[in-house]
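See structure below.
In my numbering, the protein residues as written are 44 to 335.
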């Protein structure tokens, strides 16, 4: 069962890595892409929870508004991610995701009221140095890097506060209300800005790809990651999820060719960042084992 769980884990991380590929294949703007991704994913989750599982989606007002706030940070995270891809490329957007670990090392101790881990600080310094090196060598993608950094910030906010919500209602409800609320807030913003009238500027091809993105690459892996917590440790989950940029960058290199070819410095810096995250994870696991 453990080996099967690990296989399922690597499958969903691979699917998450492929979202960046779909983001580049979809021609619609980042605003339209995120709007429909969240709408379709919410519909798929609602059908799964209510029709197949026959579970209640009732939550208290307090929990609903908390999930809505987290859902909006998710929407901003996805928008910055896809916008970074569209104005630069997949490799830039995915490499910047590594900064999430740095931001989490700062935010988690504050939110969960624990001491700052010195190994996380060292790792953070290494990651910042690598990002600065990438910024210097790939300066033509400066705007894409900026939005990639914002993507990592909003992703960290989403992940950290999401961790405080588990146990307050079912995992399915948490994911459903976050995605639905994120979509609803975007719709309200688009209504006030007039962007809602541009939401029909999308081809049938893009709608089909976004449906695929919302179901196979969003709703399914999110639910599956929660189910896998029964069989694997949170450490294994987090450590494996760090492979998402690796899968994505390799796929982009072979699928898109020239537009994804970066300088050797980029690949060295990205490799060092990912290695730093993995080493930090192994150090944490050793410390935890010692404490137990």
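Quick reminder that beta carbons are idealized off the backbone N, C-alpha and C, glycines included.
Backbone CA spacing between residue i and residue j [nearest angstrom]
i           : j           : result
residue 184 : residue 129 : 11 Å
residue 112 : residue 212 : 16 Å
residue 314 : residue 207 : 31 Å
residue 247 : residue 181 : 35 Å
residue 231 : residue 119 : 14 Å
residue 138 : residue 203 : 20 Å
residue 274 : residue 48  : 7 Å
residue 102 : residue 229 : 22 Å
Start and end residues, alpha helix (DSSP H) containing residue i
i           : result
residue 238 : It is not in any alpha helix (DSSP H) - residue 238 carries neither H nor E in the DSSP assignment.
residue 120 : 104-130
residue 299 : 287-299
residue 144 : 142-155
residue 178 : 161-180
residue 183 : Element bounds for residue 183: n/a, residue is neither H nor E.
Residue i beta carbon near the ligand MG (any heavy atom closer than 7 Å)
i           : result
residue 174 : Absent from the structure shown: the ligand MG. Ligands present: none.
CB of residue i within 8 Å of CB of residue j, strictly
i           : j           : result
residue 295 : residue 87  : no
residue 198 : residue 143 : yes
residue 76  : residue 66  : yes
residue 237 : residue 63  : no
residue 141 : residue 288 : yes
residue 74  : residue 122 : yes
Helix, strand or coil at residue i [DSSP, three-state]
i           : result
residue 137 : helix
residue 224 : helix
residue 70  : coil
residue 274 : coil
residue 304 : coil
residue 202 : helix
residue 338 : What the structure shows of the chain is the stretch from 44 to 335, and residue 338 is not part of that stretch, so it cannot be assessed.
residue 51  : helix
Taking 8 Å as the cut-off, does the segment 157-176 touch the segment 307-323 (at least 3 CB pairs, one atom from each stretch)?
The way I'd put it, the segment 307-323 does touch the segment 157-176; three or more beta-carbon pairs between them come closer than 8 Å.
Is it true that the segment 210-228 meets the segment 97-117, where meeting means three or more beta-carbon pairs spaced less than 8 Å apart?
yes
Are at least three pairs of beta-carbons, each pair with one atom in the segment 220-237 and one in the segment 81-95, less than 8 Å apart?
yes
Evaluate the contact criterion for the segment 46-53 versus the segment 185-204: three or more CB pairs, one atom per stretch, below 8 Å.
No, the segment 46-53 does not touch the segment 185-204.
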